[in-house]
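Enquirer: First the structure, which I've put down as structure tokens, then a few questions once you've had a look.
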Amino acid sequence: MGGVAHTDIAAYVLGVLDETESAVFEAHLLDCPHCQLDLLEFSDLPEILAEVAKYWPDPPIPQPRPLGGMFDELARQRRRRRLLTRIATVAAVLLILAGPLITIALLPSGSAPTAAPAPVAASTPVSSAPGTASMFAGGETGKSLQAQVIVQPTAWGSNVDLVLGGATGPKTCLLVAVPWAGAEQIVSSWTVPGAGAPDPLRISGGTGLAPAEIARFEIRTPDGELLATIPR
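When we follow my numbering, the leftmost residue of the sequence shown carries the number 1274, and every step to the right adds one.
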């Protein structure tokens, strides 16, 4: 061959080119996107020809070859495989980078990409990671009582801290943990004085329930009157 041409690609894939011609073509291949794409298309050609060869008569037994020639052929094959790998990697990177640009180009003029809808939260309990606090907040419907509960997991259950605003007394109250399943547990009890009570009140307690087992908290009086519900 007098020079490198785009049609050399098939000869290169089939290993017809000699060492000098292969080196010249490989140098051309690194800077020629057209030949790079053709090389990817022709890369399966040796396997196809090998499949066809199964139905052809066996070729004559080749004459013994010098070891030097065998080593040169192996070196050419390894170099060709490395080059194929490099080109395939470059092509894959280009496709990845071009993907978002192609998507944007296909959108109608003036339109913007639409975000996928956010998943709807399920109404099942969510497990708390060890050491991670969970927060509950709520209050009394139509009145000024507001409550916030912070639950910290422990080895034996949960530490519970209640911040209660707008409470008036005198009144005795209970903080009750209501689980998703099973028996309720009283976390703490306190008495709101008739006058001079701090606002908000801060009460601490504990429960044998893990944070993920608790569906809600309720503030009640000892006789069962519900004062506030504090959901997740």
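Note that the Cβ used here is the ideal one computed from N, Cα and C, for glycine as well.
All values derive from a computational prediction rather than experimental measurement.
#1: Please identify the residue among Gly-1439, Leu-1303 and Glu-1457 whose C-alpha is closest to the C-alpha of Gly-1467.
#2: Return the CA-CA distance between Pro-1452 and Ala-1470, expressed in angstroms with no decimal places.
#3: Grouping DSSP H, G and I as helix and E and B as strand, with all else coil, what is Val-1297?
#4: Below 8 angstroms on the Cβ atoms is my contact criterion, and I expect Thr-1445 with Thr-1494 to pass it. Report the Cβ-Cβ distance as a whole number of Å.
#5: How many Å lie between Ser-1477 and Ala-1454 at the Cα?
#6: Relative to the C-alpha of Ser-1461, which residue among Ala-1284, Phe-1490, Ala-1323 and Thr-1441 is closest?
#7: Pick out whichever of Arg-1349, Val-1465 and Ala-1450 has its Cα sitting closest to the Cα of Pro-1443.
#8: Thr-1445 by DSSP, collapsed to three states: which one?
#9: Rounding to the nearest angstrom, what Cα-Cα distance links Asp-1304 and Leu-1310 in this structure?
#10: Name the residue from Ile-1459, Asp-1496 and Ala-1348 whose alpha carbon lies nearest to the alpha carbon of Asp-1291.
#11: Grouping DSSP H, G and I as helix and E and B as strand, with all else coil, what is Asp-1291?
#12: Measuring CA to CA, which of Ser-1295, Val-1286 and Glu-1346 is closest to Glu-1320?
#13: Is it true that the CB of Leu-1448 sits closer than 7 angstroms to the CB of Pro-1473?
#14: Would you mind working out which of Arg-1352, Ala-1296, Ser-1407 and Gly-1497 sits nearest Ile-1459, comparing C-alpha positions?
#15: What three-state label does DSSP hand Asp-1311 in the structure shown?
#16: DSSP on Asp-1345, reduced to helix/strand/coil?
#17: Please classify Pro-1484 as buried or exposed, where buried requires at least 16 neighbouring CB atoms within 10 angstroms.
#18: How far does the beta strand (DSSP E) with Asp-1434 in it extend, from its first residue to its last?
#19: Pick out whichever of Glu-1294, Ala-1300 and Pro-1426 has its Cα sitting closest to the Cα of Met-1408.
#20: So, at 8 angstroms on beta carbons, what are the nonlocal neighbours of Asp-1345 in its own chain, with the 5 sequence-adjacent residues on each side left out?
#21: Can you tell me whether Thr-1358 is buried or exposed, with buried defined as 16 or more other CB within 10 angstroms of its CB?
Expert: Taking the structure as given:
#1: Gly-1467 has its Cα closest to that of Gly-1439, out of Gly-1439, Leu-1303 and Glu-1457.
#2: 31 angstroms
#3: helix
#4: 7 angstroms
#5: 24 angstroms
#6: Phe-1490
#7: Val-1465
#8: strand
#9: 12 angstroms
#10: Ala-1348
#11: coil
#12: Checked all of Ser-1295, Val-1286 and Glu-1346; the closest Cα to Glu-1320 is Val-1286.
#13: No.
#14: Gly-1497
#15: helix
#16: helix
#17: Buried, because 16 or more other Cβ atoms sit within 10 Å of the Cβ of Pro-1484.
#18: 1431-1438
#19: Pro-1426
#20: If we look at Asp-1345 and ignore the five residues flanking it on each side, its Cβ neighbours are Glu-1292.
#21: Thr-1358 sits exposed, since fewer than 16 C-beta atoms from the chains shown fall within 10 Å of its C-beta.
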